[in-house]
Structures are given as C-alpha cells and as structure tokens.
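One structure is given here, and the rest of the page talks about it.
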Amino acid sequence: MKKGRLSERAMRVVFTAAACVCILAVALICLFLLLQGIPAIGEIGVGRFLFGMTWKPLENKFGILPMIVGSLYVTVGAALIGVPVGVLCAVFLARFCPERLHRRFKPVVELLAGVPSIVYGFFGLTVLVPLCRSLFGGSGKGVLTASVLLGMMILPTVITVAESALRAVPETYYEGALALGATPERAVFTTELPAARSGVTAGIILGVGRAIGETMAVVMVAGNQPIMPDSVLSGVRTLTANIVTEMGYAADLHRGALFGTAVVLLAFVLLINLCFRLLKREART
Numbered sequence: 049m050k051k052g053r054l055s056e057r058a059m060r061v062v063f064t065a066a067a068c069v070c071i072l073a074v075a076l077i078c079l080f081l082l083l084q085g086i087p088a089i090g091e092i093g094v095g096r097f098l099f100g101m102t103w104k105p106l107e108n109k110f111g112i113l114p115m116i117v118g119s120l121y122v123t124v125g126a127a128l129i130g131v132p133v134g135v136l137c138a139v140f141l142a143r144f145c146p147e148r149l150h151r152r153f154k155p156v157v158e159l160l161a162g163v164p165s166i167v168y169g170f171f172g173l174t175v176l177v178p179l180c181r182s183l184f185g186g187s188g189k190g191v192l193t194a195s196v197l198l199g200m201m202i203l204p205t206v207i208t209v210a211e212s213a214l215r216a217v218p219e220t221y222y223e224g225a226l227a228l229g230a231t232p233e234r235a236v237f238t239t240e241l242p243a244a245r246s247g248v249t250a251g252i253i254l255g256v257g258r259a260i261g262e263t264m265a266v267v268m269v270a271g272n273q274p275i276m277p278d279s280v281l282s283g284v285r286t287l288t289a290n291i292v293t294e295m296g297y298a299a300d301l302h303r304g305a306l307f308g309t310a311v312v313l314l315a316f317v318l319l320i321n322l323c324f325r326l327l328k329r330e331a332r333t
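Position in the sequence shown counted from 1, then plus 48, gives you the working numbering.
Take a look at the structure:
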C-alpha cells in the first residue's frame with residue numbers, strides 16, 4: 049500500500065511538473081514576442097501598423113492590413129473546405145465504415161497528418177496551381193488555391209479528433225434514437241453528433257489553428273503579394289508568410305515590425321480560440 053501511494057504521489061508530481069513546464073514555455077514565448085514586437089509597433093504607430101495598406105520596408109512603410117485580410121481569407125476558405133469534409137469523414141469512420149475498410153483507411157488518414165508541409169506545398173505548386181490556372185485563368189496562385197491546399201492539410205486533424213469524440217459517445221444514444229424510429233443517418237446527426245460537439249469543436253479549433261500557422265505551403269501557392277485581395281483568385285501574403293519571407297535579411301525597425309506581425313498573429317490565434325470557446329459555452333447552455 050505504501051509503495052502504491054508513493055508511486056501515485058510521484059506520478060502526480062511528474063504530471064504537475066510537465067504541466068508547469070508547458071505553461072512556462074508558452075508564457076516565455078509570449079513574453080519574448082511582446083518584448084521584441086511592442087516597441088516596434090509603438091514606434092511605427094498602432095494605427096499605421098494595423099490598418100496601413102502598404103508594406104514597403106525600404107520606405108519605412110509597415111502596414112499589415114493586407115496580410116491580416118489575406119490570413120483571414122485563407123483561413124476561412126480552408127475551414128469551409130476542410131471542416132465539413134473532415135466531420136463527414138469522421139462520421140463515416142465512426143459509424144458506417146466496415147471494419148475491413150477501416151483498418152486500411154485509418155492508417156492513411158494518420159499518414160496524411162505526418163506528411164511535411166513542404167510536400168503539400170510541392171503538391172499544390174505542381175497540381176493545384178496549374179489546375180486553377182487552366183480553370184480560372186491568371187497565375188493560379190491565390191486565395192482559392194491556398195484555401196484548397198490548407199483544407200486538405202487540416203483534414204487529418206479534424207477527422208482524427210472528431211472520430212475519437214464520436215466513438216466516446218455511449219452506444220445507448222444511437223440505439224435509443226433507432227428505437228424511437230430514427231434512421232441510422234438521422235440517429236447519428238441528431239443524437240450522436242450533438243453529444244460529441246465538444247470533441248468535434250476541439251478538432252475544428254486544432255485544424256483552424258494549423259491553417260492559421262501554416263507557412264511554407266502557403267508561401268508556395270498563395271502568390272506572396274502584400275496587397276489587399278479583391279477576389280478569391282487574387283494573390284495574397286499571409287502573416288506567417290510575411291515573417292518567413294523577410295526575417296532572414298531584416299534589421300532594426302524592419303525586424304521589429306516582423307516581430308510585431310508575430311504578436312498580431314498570436315493575438316489572432318487567441319481570439320479565434322476564445323470565439324470557439326464562447327460558442328461551445330453557449331451551445332451547452
């Protein structure tokens with residue numbers, strides 16, 4: 049008994065220490081970005097930095113509004129493409145997929161999650177960009193291409209988390225709906241899916257977070273143009289692409305402005321997570 053209690057206390061200490069390390073790491077990252085970015089934002093001016101339409105470092109013009117809008121367009125487009133497909137695929141795997149097919153299909157989904165983003169970028173550059181060019185004209189690089197590619201990239205995350213949430217719902221929910229006369233499809237979408245809403249929402253949050261933070265694939269297919277997009281075919285530059293493109297040679301105020309861009313990106317991610325949490329809270333009430 050004493051050994052069991054000691055091991056339980058030891059593991060509790062280990063888990064607490066691991067949680068504290070994670071919290072400390074996030075806090076240090078946030079502190080580093082704030083210390084590097086806030087002074088530059090103050091020097092440029094908050095209004096000119098957030099709402100400026102021109103990004104020309106050589107002329108000391110650091111307006112990131114086109115990058116904010118570009119990131120928003122690409123993220124929303126990826127969510128509109130990837131979330132419905134991912135949730136429906138999770139429903140199929142959790143309820144309607146034969147076991148023999150599931151054993152083959154599930155590893156493929158997990159493999160997609162491990163594919164490097166640069167590989168997705170090459171796929172988008174060699175397949176999606178020429179396809180969009182032939183269908184819609186222009187260069188083929190723009191909001192639409194980036195949204196389709198990011199929608200594909202978030203699929204494994206949404207599918208895996210949503211399927212786990214659906215499988216965690218007690219079987220009695222499904223059986224009770226069938227007993228009341230519901231069809232299998234209606235039982236899943238009106239009973240099981242609402243019961244798994246919390247887990248499904250978590251998968252959506254993780255997927256959207258990856259879409260916001262993706263860099264290399266977006267750089268290769270979005271056009272990398274720091275201009276305000278006027279259509280889904282327009283070339284854009286996202287906040288992440290702006291940082292990775294210019295950080296290698298930036299200095300002084302230019303470098304500080306890129307750290308300020310990272311601060312805005314961090315606030316963007318936190319705001320989206322907060323909105324999802326508020327939606328989950330309202331759904332529960």
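By construction, the Cβ of each residue, glycine as well, lies at the ideal position given by its N, Cα and C atoms.
Integer Cβ distance of residue i from residue j, believed to fall under 8 angstroms
{"i": "residue 185", "j": "residue 270", "result": "So it is not a contact: roughly 17 angstroms between Cβ atoms."}
{"i": "residue 265", "j": "residue 197", "result": "6 angstroms"}
{"i": "residue 111", "j": "residue 96", "result": "6 angstroms"}
{"i": "residue 176", "j": "residue 193", "result": "5 angstroms"}
Candidates the options, of which the one nearest residue i by Cα
{"i": "residue 280", "options": "144, 121 and 63", "result": "121"}
{"i": "residue 244", "options": "286, 138 and 223", "result": "138"}
{"i": "residue 292", "options": "278, 283, 301 and 307", "result": "307"}
{"i": "residue 166", "options": "268, 323 and 299", "result": "268"}
{"i": "residue 172", "options": "157, 188, 162 and 183", "result": "188"}
{"i": "residue 133", "options": "218, 284, 202 and 70", "result": "202"}
{"i": "residue 157", "options": "96, 221, 211 and 215", "result": "211"}
{"i": "residue 74", "options": "314, 284, 322 and 95", "result": "314"}
{"i": "residue 181", "options": "101, 283, 278 and 220", "result": "283"}
{"i": "residue 170", "options": "263, 183 and 69", "result": "263"}
{"i": "residue 4", "options": "233, 101 and 59", "result": "Residue numbering for the chain in the displayed model covers 49 to 333; residue 4 lies beyond these limits and cannot be assessed."}
Residues near residue i in its chain [Cβ-Cβ closer than 7 angstroms; skip 5 each side]
{"i": "residue 209", "result": "247, 250, 251 and 254"}
{"i": "residue 195", "result": "122, 125, 126 and 129"}
Alpha-carbon spacing of residue i relative to residue j, whole angstroms
{"i": "residue 136", "j": "residue 235", "result": "14 angstroms"}
{"i": "residue 294", "j": "residue 76", "result": "24 angstroms"}
{"i": "residue 260", "j": "residue 286", "result": "9 angstroms"}
{"i": "residue 276", "j": "residue 98", "result": "13 angstroms"}
{"i": "residue 140", "j": "residue 147", "result": "11 angstroms"}
{"i": "residue 205", "j": "residue 162", "result": "10 angstroms"}
{"i": "residue 304", "j": "residue 298", "result": "9 angstroms"}
{"i": "residue 54", "j": "residue 66", "result": "18 angstroms"}
{"i": "residue 92", "j": "residue 218", "result": "56 angstroms"}
{"i": "residue 62", "j": "residue 322", "result": "29 angstroms"}
{"i": "residue 228", "j": "residue 114", "result": "53 angstroms"}
{"i": "residue 142", "j": "residue 103", "result": "47 angstroms"}
{"i": "residue 274", "j": "residue 160", "result": "30 angstroms"}
{"i": "residue 8", "j": "residue 79", "result": "Because the chain in this structure spans residues 49 to 333, residue 8 falls outside the shown range and cannot be described."}
{"i": "residue 200", "j": "residue 174", "result": "15 angstroms"}
{"i": "residue 107", "j": "residue 241", "result": "53 angstroms"}
{"i": "residue 131", "j": "residue 324", "result": "14 angstroms"}
{"i": "residue 326", "j": "residue 72", "result": "25 angstroms"}
{"i": "residue 221", "j": "residue 83", "result": "51 angstroms"}
Proximal residues to residue i (C-beta, below 6 angstroms), its chain only, five neighbours per side dropped
{"i": "residue 127", "result": "256"}
{"i": "residue 225", "result": "235 and 239"}
{"i": "residue 311", "result": "81 and 85"}
{"i": "residue 300", "result": "none"}
{"i": "residue 290", "result": "115 and 309"}
Opening and closing residue of the alpha helix (DSSP H) in which residue i lies
{"i": "residue 189", "result": "Where residue 189 is concerned, there is no enclosing alpha helix (DSSP H), given that its DSSP letter is neither H nor E."}
{"i": "residue 181", "result": "177 to 184"}
{"i": "residue 290", "result": "287 to 294"}
{"i": "residue 114", "result": "113 to 139"}
{"i": "residue 223", "result": "219 to 227"}
{"i": "residue 143", "result": "It is not in any alpha helix (DSSP H) - residue 143 carries neither H nor E in the DSSP assignment."}
{"i": "residue 271", "result": "Note, residue 271: premise wrong, no alpha helix (DSSP H); not H, not E."}
{"i": "residue 280", "result": "Residue 280 -> no alpha helix (DSSP H), and no H or E assigned at all."}
{"i": "residue 263", "result": "Premise fails: residue 263 is in no alpha helix (DSSP H) and is neither H nor E."}
{"i": "residue 105", "result": "Here residue 105 belongs to no alpha helix (DSSP H), and DSSP marks it neither H nor E."}
{"i": "residue 173", "result": "Here residue 173 belongs to no alpha helix (DSSP H), and DSSP marks it neither H nor E."}
{"i": "residue 157", "result": "147 to 162"}
{"i": "residue 94", "result": "94 to 99"}
{"i": "residue 235", "result": "232 to 235"}
8 angstroms Cβ shell around residue i - same chain, five flanking residues per side excluded
{"i": "residue 317", "result": "257, 260 and 261"}
{"i": "residue 230", "result": "238 and 239"}
{"i": "residue 302", "result": "105, 110 and 294"}
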